[in-house]
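Visitor: Numbering (this note's numbering), first residue to last: 15 to 273.
Ideal Cβ positions, reconstructed from N, Cα and C, are used throughout, including at glycine.
This one's a predicted model, so the numbers in the text were calculated from it and none came from an experiment.
There's a structure below that I have some questions on.
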């Protein structure tokens, strides 16, 4: 896998103390604020109670006497196969997306959103919590494109109705774009901004058809070009910063080594 050297490099000169503690996995930012206000946080041996304090990766941070360290960010793109669960663990011991990328990193990463067990395609795994949260938040209008094969050909009138918007049980949905395949008329691509559960399958079911095969082929500007099902790769520096710009986050400086 290429681009491994770029993973685990960090970041910015300084970040807020509460963000540092949260990203280190100690607690949430809100809880970190309470630790700071209650005098339970030390920077380089000195108690700090000011919430706006900024720190760098060179500082020694302790919370209640416990050293916390900032993990470098890791960004992985997986082309998920069928029968793979988009969670970090599964009580039925089925394969998860973490199993698919187990050789990628020694750091704990998490899937950005979900794909159904039998839906194939692109999913990001990262420990960059701010990026993951914003990519999943509907206010940032992140594009997702799916290739859908149905058990029958949807008519032009049905596709027009879908383009204009349909009412599902959880509300109205109007896709950004729909295209029919030039090669197989029962295959269409659907681009949406939303991430509701089973959304694409329910859109097809609205017209009395069933999904035979479903694959996410583009996500937030990333595509599955040259990626076979089940394979993964590290995101490139430009891709990482393009994603961060997309959701209004500062870009990362990859010329600095991690802590």
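May I ask you to check if the CB of residue 263 is nearer than 6 Å to at least one heavy atom of the ligand ATP?
Guide: Only the bare structure without any ligand can be found here, which leaves the ligand ATP out of the picture.
Visitor: Which of the three DSSP states is assigned to residue 12 in this structure?
Guide: The structure shown has nothing for residue 12, since the chain only spans 15 to 273.
Visitor: Cutting at 7 Å between CB atoms, please list the residues of its own chain near residue 155, excluding the five before and the five after it.
Guide: If we look at residue 155 and ignore the five residues flanking it on each side, its Cβ neighbours are 207.
Visitor: Along the chain, where does the beta strand (DSSP E) containing residue 105 start, and where does it finish?
Guide: No beta strand (DSSP E) holds residue 105; DSSP gives it neither H nor E.
Visitor: Helix, strand or coil for residue 174, going by three-state DSSP, please let me know.
Guide: Here residue 174 sits in helix by DSSP.
Visitor: For residue 164, count neighbouring C-beta atoms within 10 Å of its own C-beta (all shown protein chains included) and say buried if the count is 16 or more, exposed if not.
Guide: The residue is buried, with at least 16 neighbouring Cβ atoms inside 10 Å.
Visitor: For residue 161 versus residue 243, is the C-beta spacing smaller than 7 Å?
Guide: Not closer than 7 Å, so no.
Visitor: In chain order, what are the residue ranges of uninterrupted beta strand (DSSP E) at least 3 long that sit wholly in the segment 189-250?
Guide: Counting only runs of 3 or more, we get 191-194, 201-206, 225-233, 246-248.
Visitor: Between residue 182 and residue 216, which are expected to be in contact by the criterion C-beta below 8 Å, what is the C-beta distance as a whole number of angstroms?
Guide: About 6 Å separates the two Cβ atoms, so the contact holds.
Visitor: By the DSSP assignment, the alpha helix (DSSP H) with residue 34 in it spans what residues?
Guide: Run containing residue 34: 31-37, per the alpha helix (DSSP H) assignment.
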